[in-house]
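Below you'll find the structure, written out as structure tokens, and then a few comments.
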Amino acid sequence: MDYASTKAAILNFTRGLAKQVAQKGIRVNCVAPGPICTVLQVAGGQQTEALPSFGTSTPLGRAGQPAELAPIYVYLASQESSYVTAEVHGVTGGNHLW
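With this note's numbering applied, the sequence shown corresponds to residues 1194 to 1291, in that order.
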């Protein structure tokens, strides 16, 4: 329940803030990653016994790699996304966001 509430709050904050500051030329977007393999997972982010199956519940059947997540941030920082605001970009391995 607390996780779902937090996700909803971030979504509403992103969309509301984007509309509030758009006239100032400021774009606001959100990146919502699914399971991504990082050093945090092996350093206590996951229980040791859960590591082998981490991310296997996605339609792609595996966790993502940081290099698969990074391009969305590069895109959002680039001129190519100059007409993109108030959006949530999912990098989820095929799982639906909401």
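All residues carry an ideal CB built from backbone N, CA and C; glycine is no exception.
Neighbour-count burial assignment, residue i, 16 or more Cβ in a 10 Å radius
{"i": "I1292", "result": "Here the chain covers residues 1194 to 1291 and nothing more, so residue 1292 does not appear."}
{"i": "A1256", "result": "buried"}
{"i": "G1248", "result": "buried"}
{"i": "G1327", "result": "Because the chain spans 1194 through 1291 in this model, residue 1327 falls outside it and cannot be assessed."}
Candidates the options, of which the one nearest residue i by Cα
{"i": "V1214", "options": "T1285, K1200 and T1278", "result": "T1278"}
{"i": "E1273", "options": "R1220, G1254, K1200 and T1241", "result": "R1220"}
First through last residue of the alpha helix (DSSP H) which encompasses residue i
{"i": "P1259", "result": "P1259 to A1270"}
{"i": "G1283", "result": "Element bounds for G1283: not the alpha helix (DSSP H) but the beta strand (DSSP E), V1281 to V1284."}
Limits of the unbroken beta strand (DSSP E) element including residue i
{"i": "A1201", "result": "A1201 -> not in any beta strand (DSSP E); alpha helix (DSSP H) instead, spanning D1195 to V1214."}
{"i": "V1224", "result": "C1223 to P1226"}
Residues bridged to residue i (per DSSP)
{"i": "I1219", "result": "I1219 is not bridged to any residue."}
Is there contact between the stretch 1205-1212 and the stretch 1251-1265, where contact requires at least three CB pairs shorter than 8 Å? With the cut-off at 8 Å, the stretch 1205-1212 and the stretch 1251-1265 do not touch.
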